[in-house]
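Undergrad:
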Amino acid sequence: MKKITVIPGDGIGKEVMEAAISVLNSLELNLEYKIAEAGNECFQKNGTIIPDETIKIAKKTDATLFGAVTTVPGQKSAIITLRKNLDLFANLRPIKSLPGIKSLYPNLDFVIIRENTEGLYSGLEEYTPDGANATRLITKNASIRICKFAFEYAKTNNRNKVTAVHKANVLKKTDGLFKEVFYNTAKNYQDIESNDYYVDATAMYFVTKPHIFDVVVTTNLFGDILSDEGAGLVGGLGMTPSANIGEDNGLFEPVHGSAPDIAGKGIANPSAMILSTVMMLKHLGELESANLVENSLLKVLKEGKFLTPDLGGKTKTMEVTREVIKNIKIYF
Ligand code: ATP
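Mapping of the sequence shown onto this note's numbering: residues 1176 to 1507, in sequence order.
(1) Apart from the five residues just before and just after lysine 1271, which ones in its own chain have a Cβ nearer than 7 Å to its Cβ?
(2) Can we count threonine 1483 as close to ligand 3, meaning its CB is less than 7 Å from some heavy atom?
(3) Kindly list the residues whose CB is nearer than 6 Å to the CB of threonine 1223, restricted to its own chain and excluding five residues on each side of it in sequence; keep chain order.
(4) Is it the case that the Cβ atoms of valine 1391 and proline 1445 are separated by a distance below 8 Å?
(5) Is isoleucine 1437 near ligand 1, going by C-beta to nearest heavy atom under 7 Å?
(6) Quick check: is any heavy atom of ligand 1 less than 7 Å from the C-beta of serine 1451?
(7) Go through its chain and collect everything with a Cβ distance to valine 1319's Cβ below 6 Å, but skip five positions before and after it.
(8) From alanine 1406 to leucine 1352, what does the alpha carbon distance come to, in whole angstroms?
(9) In the DSSP assignment, what residue or residues form a beta bridge with threonine 1207?
(10) Count the other CB atoms within 10 Å of the CB of alanine 1194; is the residue buried (16 or more) or exposed (fewer)?
(11) Can you grab the Cα-Cα spacing for the pair leucine 1206 / glutamate 1463, in whole Å?
(12) Here's the rule: buried if 16 or more other CB atoms are within 10 angstroms of the residue's CB, otherwise exposed. What is glycine 1425?
(13) Thinking C-beta only, is valine 1244 closer than 8 Å to asparagine 1215?
(14) For leucine 1412, verify whether its CB is less than 7 Å away from any heavy atom of ligand 1.
(15) Go ahead and label tyrosine 1302 buried or exposed: buried means 16 or more other beta carbons lie within 10 angstroms of its beta carbon, across all protein chains shown.
(16) For tyrosine 1358, which option in Val1337, Ala1233, Thr1239 and Pro1226 has the closest C-alpha, if you only look at C-alpha atoms?
(17) Is the distance from the Cβ of isoleucine 1182 to the Cβ of threonine 1229 below 8 Å?
(18) In angstroms, rounded to a whole number, what distance separates the CA positions of isoleucine 1313 and proline 1385?
So this is what it looks like as structure tokens:
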């Protein structure tokens, strides 16, 4: 039996999590769920946005599903706390155009791998006499770990090229180190092409010629920004899943937030959460179930009869989910 930590969080996080769990339950897999708290509602109840108990549970289970949380002003981030405590150093975001979903380009299929533990999000921020200062920490070990992960990912997923994204012409020491580590790592993967671009050029290429990308590896902030740009290429936030991977743990979450503007209406697009669940199933080695869920969702999207409002339809979250489950039962 595999144990899954389930953190629904706030707003539409709870709604899309209900969808994902219904889909998982329809698979007749042997899963045990451990429900855990995080986010704004948790803060109102317990005075903390992420109780130690949640971290303890997540550390012990085989994988974690995370919905979305509402940021509480003045409080640390629940998801960053989890990433740090579970040492989830790689953030994987597939950018894939899907059938029936409006995409800026057809047939897009690349992956962004973002270093998740340091860079400008190291949490080293302080006030100074005349302003504030944030430290952009780049270590050799973390750079080696993420570059190796990117090449290994390319190797096991039949990808041909890894592109490093940085700004080494300006950030000579930090990104100079990242670039040097990248090309040193590339020497061990002679069958995989390697190249690099500056982050500003990359932002433009994402829009003008995104098909040149296969696997992109980059530092924390650049990866965060490029991931949302990538999401915009293929149908928006409701469609984009992500995985946070460490040596011992994996956490899977949609790229979107808790969307307070539509929360409670039952109209959130469950696709990003369901696709994150597909990534979790693959991570757990449940490939058949992963493909079954993915194909069932893609069929619903392609047919276009049951779409949530963000995709131009009128269908509610759980109705879309029921259609996905119907397909699962047919394919089963
Ligand atoms: P947070 O502060 O929790 O990050 P946010 O509103 O700043 O919330 P998102 O939650 O990512 O950021 O939402 C950005 C926009 O995208 C909102 O208009 C929201 O309604 C829309 N959106 C995000 N996710 C979905 C979804 N799954 N289905 C439909 N619309 C979505």
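For glycine and all other residues, C-beta sits at the position ideal for the given N, C-alpha and C. All values reported here derive from a predicted model rather than from experimental measurement.
TA: According to the structure data:
(1) Taking lysine 1271 as the centre and dropping the five residues before and after it, the same chain places the C-beta of Leu1283, Asp1284 and Val1409 closer than 7 Å to its C-beta, in chain order.
(2) The ligand content of the structure shown is limited to ligand 1, which means ligand 3 is not among them.
(3) Result list for threonine 1223: empty, nothing under 6 Å.
(4) No, the Cβ-Cβ distance between valine 1391 and proline 1445 is not below 8 Å.
(5) Checking every heavy atom of ligand 1 against the Cβ of isoleucine 1437, one is found closer than 7 Å.
(6) No, ligand 1 has no heavy atom inside 7 Å of this Cβ.
(7) Contrary to the premise, residue 1319 reads as isoleucine rather than valine in this sequence. Excluding positions up to five away in sequence, the list reads Val1356.
(8) Distance between the alpha carbons of alanine 1406 and leucine 1352: 28 Å.
(9) Reading the sequence as shown, one finds glutamate at residue 1207 and not threonine. For glutamate 1207, which the question treats as bridged, DSSP gives the partners Lys1178.
(10) Note on alanine 1194: 16 or more other CB atoms within 10 angstroms of its CB, so buried under the neighbour-count rule.
(11) Going from the Cα of leucine 1206 to the Cα of glutamate 1463 covers about 15 Å.
(12) Counting every other CB atom within 10 Å of its CB across the protein chains shown gives glycine 1425 a total of 16 or more, marking it as buried.
(13) With contacts defined by Cβ atoms closer than 8 Å, asparagine 1215 and valine 1244 form a contacting pair.
(14) It does: the Cβ of leucine 1412 is within 7 Å (strictly closer) of some heavy atom of ligand 1.
(15) With fewer than 16 other Cβ atoms within 10 Å, it is exposed.
(16) In this structure, Val1337 is the residue among Val1337, Ala1233, Thr1239 and Pro1226 with its C-alpha nearest to the C-alpha of tyrosine 1358.
(17) By the CB criterion at 8 Å, isoleucine 1182 and threonine 1229 fall inside the cutoff.
(18) Each residue's Cα considered, the two are about 27 Å apart.
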